[in-house]
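Residue numbers (this note's numbering): 10 to 222. Read the structure below first, then the notes.
Here you go:
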C-alpha cells in the first residue's frame, strides 16, 4: 500500500513481485513464515528510523500461507512517552489499590495471565483492557472453553470495582420459574418453599462489583 511505499522510499514497481528480503531492510517476515511464530511489537530499523512492528503468520488448514507485517508505531519516541505514562499510571493504580483494599478473592486471573500471539487474540485483549476501566456492559463472545471467564476475571481486576464482589451466574442452571428469584431475590414468604427471611438476588450480591452472566 501507499504507506508501505512511503516509509521504505520505494515505488510500486520496485516492490511488487520481488522477494521480501530484497525490499525491506532487516526483515524477518521470511523467518516468521518458516517458523509460524508471530513476532509482536518488535523494534525494527528502516532507513535509519526505528519503528515498532508486528509480524503475524497466516494459517489455513494448519499450514502457514504467508505473513502480514504491520507497523504499530512510526515514532519510537512515542513509545518511550507512552511507556513513561503507563509506568506512572501503574504506580498510581498500585497506590490506589493499597489504600482501598485487596482484589476480590473470587477472581484469580489478570491480563498478565492471558497470552495472546495471533492478531485476533491481541485485538481481543486490547479491546478488553480498554473496556475494563469503564462502567459499560461488556459482551464476551466465543465458543465454550475459549476463556470467556478468564477475560471476565481480568476485566474485573483491572476495573475500579476490583475490590468489590465478582458474582458468576450460570443462567443455564436455572429453570424458567426460578431464574427471576435467583437474579432479583425474594422476600420472606414470597412463595411456597421460600427461605425464611428471604434471599438476596445475584444482582444485589454483585452491587458495586461485577456480575458475569
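In this text, a Cβ means the ideal position worked out from N, Cα and C, and glycines have one as well. What you are looking at is a predicted structure, and each value in this text was computed from that prediction instead of being measured.
- Message: Using CA atoms only, rank isn't needed, just tell me which of 222, 188 and 121 is closest to residue 149.
- Response: As a working mapping, residue 149 is identified with position 140 in the chain shown. If we check each option's Cα against that of residue 149, 222 comes out closest.
- Query: Under the rule that 16 or more other beta-carbon atoms within 10 Å means buried, what is residue 165, buried or exposed?
  - Reply: As a first step, residue 165 is located in the chain shown; it is residue number 156 there, counting from the start. Buried: at least 16 other Cβ atoms inside 10 Å.
- Beta carbon of residue 63 nearer than 7 Å to that of residue 49: Counting from one through the chain shown, the residue named residue 63 turns up at place 54. Counting from one through the chain shown, the residue named residue 49 turns up at place 40. Result yes, Cβ atoms of residue 63 and residue 49 sit closer than 7 Å.
- Task: Give me the Cα-Cα distance between residue 223 and residue 189, rounded to the nearest whole angstrom.
- Result: A query on residue 223 cannot be resolved here, the shown segment of the chain reaching from 10 to 222 and no further.
- Going by DSSP, which residues form a beta bridge with residue 196? Reading the chain shown from its first residue, position 187 is the one you call residue 196. Among the bridge pairs identified by DSSP, residue 196 is matched with none.
- Message: So for residue 63, helix, strand or coil by DSSP?
- Response: To locate residue 63, count along the chain shown from 1; it is residue 54. Residue 63: strand per DSSP, three-state reduction.
- Message: Quick check on residue 19: does DSSP put it in helix, strand or coil?
- Response: Working through the chain shown from its first residue, we reach residue 19 at position 10. DSSP, read as helix, strand or coil, puts residue 19 in coil.
- Query: Which residues bound the beta strand (DSSP E) around residue 51?
  - Reply: For the purposes of this step, residue 51 is taken as residue 42 along the chain shown, with counting starting at 1. Residues 48 to 55.
- Item | Member of 140, 19, 34 and 77 whose CA lies at the smallest distance from the CA of residue 67 | For the purposes of this step, residue 67 is taken as residue 58 along the chain shown, with counting starting at 1. Of the listed residues, the one whose Cα sits closest to residue 67 is 77.
- Message: Between which residues of its own chain and residue 183 is the CB-CB distance below 7 Å, once the five residues before and five after are set aside?
- Response: For the purposes of this step, residue 183 is taken as residue 174 along the chain shown, with counting starting at 1. Only 191 meet the Cβ criterion.
- Query: Tell me which same chain residues have a C-beta within less than 7 Å of the C-beta of residue 37, skipping the five on either side of it?
  - Reply: Residue 37 sits at position 28 when you count from the first residue of the chain shown. So the qualifying residues of the chain are 48 and 64.
- What separation, rounded to the nearest whole angstrom, lies between the Cα atoms of residue 3 and residue 54? This structure does not reach residue 3, given that the chain is present from 10 up to 222, and the question cannot be answered.
- Message: Using 8 Å for Cβ pairs, my map puts residue 162 next to residue 118. What's the rounded Cβ distance?
- Response: Here residue 162 is taken as the residue at index 153 of the chain shown, counted from 1. Here residue 118 is taken as the residue at index 109 of the chain shown, counted from 1. Right, their Cβ atoms sit about 4 Å apart.
- Message: Quick check on residue 153: buried or exposed, where buried means 16 or more other Cβ atoms within 10 Å of its Cβ?
- Response: As a first step, residue 153 must be located in the chain shown, where it is residue number 144. Label assigned to residue 153: exposed.
- Query: How is the alpha helix (DSSP H) around residue 44 delimited, first residue to last?
  - Reply: Looking up residue 44 in the chain shown gives position 35. Run containing residue 44: 38 to 44, per the alpha helix (DSSP H) assignment.
- Message: Quick check on the DSSP output: the beta strand (DSSP E) that includes residue 220 runs from which residue to which?
- Response: Start at 1 with the first residue of the chain shown, and residue 220 comes out as number 211. First-last of the beta strand (DSSP E) with residue 220: 219 to 221.
- Message: Just to confirm before moving on: does the CB-CB distance between residue 29 and residue 39 stay below 7 Å?
- Response: Indexing the chain shown from 1 puts residue 29 at position 20. Indexing the chain shown from 1 puts residue 39 at position 30. Judged by their CB atoms, residue 29 and residue 39 are nearer to each other than the 7 Å cut-off.
- C-alpha gap between residue 160 and residue 51, whole angstroms: Reading the chain shown from its first residue, position 151 is the one you call residue 160. Reading the chain shown from its first residue, position 42 is the one you call residue 51. Residue 160 and residue 51 have their C-alpha atoms roughly 25 Å apart.
- Task: Compute the Euclidean distance between the alpha carbons of residue 168 and residue 158, then round it to the nearest angstrom.
- Result: Within the chain shown, residue 168 is the residue found at index 159, counting from 1. Within the chain shown, residue 158 is the residue found at index 149, counting from 1. Distance between the alpha carbons of residue 168 and residue 158 is about 15 Å.
- Task: With DSSP as the reference, please indicate the residues paired to residue 73 in a beta bridge.
- Result: The residue labelled residue 73 in the question sits at position 64 within the chain shown. Bridge partners of residue 73: 68.
- Query: In this structure, does DSSP put residue 118 in helix, strand or coil?
  - Reply: Residue 118 sits at position 109 when you count from the first residue of the chain shown. Residue 118 carries a coil assignment under DSSP once its states are collapsed to helix, strand and coil.
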